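Trainee: For what it's worth, the numbering used here labels the leading residue of the sequence shown as 13, then goes sequentially.
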Amino acid sequence: MKVSVHAAISLLKQGDIVAIPTETVYGLAGSIHQPSAIKKIFTAKARPSFDPLIVHIGHPQQLLPLVESFGPAAQKLAKEFWPGPLTLVLKKSDLVSDEITSGHKTVALRMPHHPLALEILMETGPLAAPSANKFGKVSPTVSSHVESEFNSQIPVVEGGPCSVGLESTILKVDESTDHIQLTLLRPGMISPEDIAKTLVSFKKNLQWQEPSSAIAPGQLANHYQPTVPLVLSFLKTDWNNDLHLQICKELKIEPSKSSPILWSLQEDDPRLVARIMYAQMRTFSERLETPPYIFLKTPKLLLTPEWSAICDRLNKASSLKIEQNNQTITFQCK
Ligand code: TXA
Ligand code: MG
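#1: Around the Cβ of Gln165, are there at least 16 other Cβ atoms within 10 angstroms (buried) or fewer (exposed)?
#2: Note the first and the last residue of the continuous beta strand (DSSP E) segment covering Leu78.
#3: Taking DSSP's pairing of strands, which residues face Leu308 in a bridge?
#4: Counting C-beta neighbours from all protein chains within 10 Å, is the total for Trp319 16 or more, i.e. buried, or is it exposed?
#5: Between which two residues does the beta strand (DSSP E) carrying His68 extend?
#6: Name the two residues that bound the continuous alpha helix (DSSP H) containing Gln292.
#7: Which runs of the beta strand (DSSP E) fall wholly inside the region 80-108 and span at least 3 residues, in chain order?
#8: Are the CB atoms of His126 and Pro60 within a distance shorter than 7 Å?
#9: Taking C-beta to C-beta, are Tyr305 and Pro241 nearer than 7 Å?
#10: On the DSSP bridge assignment, give the partners of Asn337 in chain order.
#11: Taking Ser43 as part of the beta strand (DSSP E), name the residues at either end of that continuous run.
#12: Straight-line CA distance for Leu300 to Lys261?
#13: Is the closest heavy atom of ligand 1 to the C-beta of Ile66 under 6 Å?
#14: I think Thr181 touches Tyr290, with their Cβ atoms under 8 Å apart; what is that distance to the nearest whole Å?
#15: Pair every Cβ in the region 143-159 with every Cβ in the region 187-199, then say whether three or more of these pairs are closer than 8 Å.
#16: If you draw a straight line from the alpha carbon of Lys103 to that of Pro272, how long is it in whole angstroms?
#17: By how many angstroms is the C-alpha of Glu179 removed from the C-alpha of Asp206?
#18: In angstroms with no decimal places, state the Cα-to-Cα distance between Gln258 and Glu298.
#19: With a CB to CB cut of under 8 Å and the five nearest residues on each side skipped, what residues in its chain are close to Ile112?
#20: Determine the contact status of Leu100 and Ala85, defining contact as a CB-CB distance below 7 Å.
#21: Using 6 Å as the cut-off, classify the Cβ of Ser114 as near or not near the heavy atoms of ligand 2, replying yes or no.
#22: Go ahead and pull the three-state DSSP assignment for Ala58.
#23: At a cut-off of 6 Å, would you count Ser143 as near ligand 2, judging by its Cβ distance to the nearest heavy atom?
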């Protein structure tokens, strides 16, 4: 069900949840000040309570009451990249509930770059919003994805196709020591190089840390999965019948008559691929005759830094990975 911006604002103010457009993906929004709205988000998504939500703001000033401190490095990043696809994880204040952060002492914050999202946020105040899909599934990049995901049971604000199409970069910033400690919790279209460049003038050293499982609860290996299994092949050879039989065996499916989708990432610009990737995965899964799997022969390009966010999502979306080391071919099933 489509709703106007005006209707969305009143629904959100009364504690309901509404899907709103952002430049990355559509989000399932609820007021951070309404515990019932936060519960509705977790229930609608079937999201486990250990996976914290991102809080969206309409203006950097809305952030201040939500954090314990907003250090100079975090401020610089916000100034450079907001509104935009960067989520900052900072120490939270008591105003942010443990339900939103899943008990963590930090809160993830982002100011989205979409005029309708900003218009709504300026009226409602901060909104918690995970991607508007069932837990573990592909994120929605147009409003009809949200409608099919929730059988039209969730009101949606029409905002057109998302211009980025891939979820935001998530960066934890800790300025409490002599160093600026940075942890990339989820790669996105804003890269570690963009971040380092922005912080180059800081006297404190930058220290990049590896995420520990304790601080990246939602970074599960299975995520962003299309309904039809995705097979990632790093082989030099193309899809062929022998490979098909082996894939079916690994996926424990009958080698039926219907053929898989042979997918290729034709564009050589990662921004273009990011914009269309999720919509393509959904289209494949919605074919009249459901294909047994989607086979993606990954181009070499995918292993270069500019493609790391796309590579991350494809890895998480895949059910089977086929790799080749000299003569040895390995099949890795999830
Ligand atoms: O682009 C995006 O980020 C979209 C749009 C709607 O803004 N949102 C999105 O939300 O992708 P979601 O919930 O699908 O993914 C948010 C990720 C989760 O993996 C969660 O674990 C992580 O952010 N996260 C949230 N709060 C965190 C925290 N305090 N510490 C570490 N990770 C956190
Ligand atoms: Mg998500």
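Quick reminder that beta carbons are idealized off the backbone N, C-alpha and C, glycines included. Just so we're clear, the structure is a prediction, and the values are computed from it rather than from any experiment.
Mentor: Let's see:
#1: exposed
#2: Per DSSP, Leu78 lies in no beta strand (DSSP E) and is assigned neither H nor E.
#3: Looking at the DSSP output, Leu308 sits in a beta bridge with Leu244, Trp275.
#4: Buried.
#5: 66-68
#6: 282-297
#7: 98-103
#8: Contact annotation: Pro60 and His126 have beta-carbon atoms that are not nearer than 7 Å.
#9: yes
#10: Partner(s): Thr340.
#11: 39-43
#12: In this structure, the CA atom of Leu300 is about 24 Å from the CA atom of Lys261.
#13: yes
#14: With 8 Å as the limit, Thr181 and Tyr290 do not qualify as a contact, their Cβ atoms being about 17 Å apart.
#15: Short answer: they don't touch.
#16: Straight-line spacing of the CA atoms in Lys103 and Pro272 works out to 47 Å.
#17: Computed Cα separation, rounded: 17 Å.
#18: 25 Å
#19: Ile44, Ile50, Pro64, Leu65, Val67, Val119, Ala140
#20: no
#21: no
#22: coil
#23: yes
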